[in-house]
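The sequence shown begins at 3 in this note's numbering and counts up by one. I have placed the structure first, in the form of structure tokens, so that the comments after it can refer back to it.
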Amino acid sequence: MRKAGRKVWNSLLRRRINELTEVGLAVDSEAEVMVWEPYEQEDAVVEFLVPSEKLDELEAKVRQKAHQIWWDDGFDIIVWVHEKKPVAAKEAE
């Protein structure tokens with residue numbers, strides 16, 4: 003891929019990751035979001051940490067958005083949604 007083409011591709015990927023993050027934060031504004039480097043052939047990995055009561059709703063919405071991004075732009079963005087440990091559990095460790 004030419005340098006200019008790569009720059010446009012990276013810019014669009016960043017925008018799609020930001021859109022995906024916004025969907026997750028709309029469900030839980032205090033969700034922890036981490037963007038990881040891809041492991042294999044995927045374009046990005048986005049991890050969300052949320053309280054257990056928001057887990058199913060957030061997972062459904064971000065997976066739907068990731069799927070739509072894949073159909074629209076061909077970006078393979080892996081989504082991980084995990085339960086955030088309660089503060090009391092973190093302090094006990």
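Positions of the beta carbon are idealized from the N, C-alpha and C atoms, including for glycine.
Since A62 is in the alpha helix (DSSP H), which residue starts that stretch and which ends it? Along the sequence shown, one-based indexing puts residue 62 at 60. Start and end: S54 to D75.
Does the segment 4 to 11 come close enough to the segment 59 to 67 to have 3 or more Cβ pairs within less than 8 Å? no
Could you tell me the boundaries of the alpha helix (DSSP H) in which E32 lies? On the sequence shown, position 30 is the one that residue 32 refers to. Neither: E32 is in no alpha helix (DSSP H) and is coded neither H nor E.
Between the Cα of R16 and those of E85, D30, K56 and I79, spot the shortest distance and give me the residue it belongs to. Reading the sequence shown from its first residue, position 14 is the one you call residue 16. Ranking the options by Cα distance to R16, first place goes to I79.
Looking at the unbroken beta strand (DSSP E) that takes in E85, where does it start and where does it end? To locate residue 85, count along the sequence shown from 1; it is residue 83. Counting along the chain, the beta strand (DSSP E) containing E85 begins and ends at I79 to E85.
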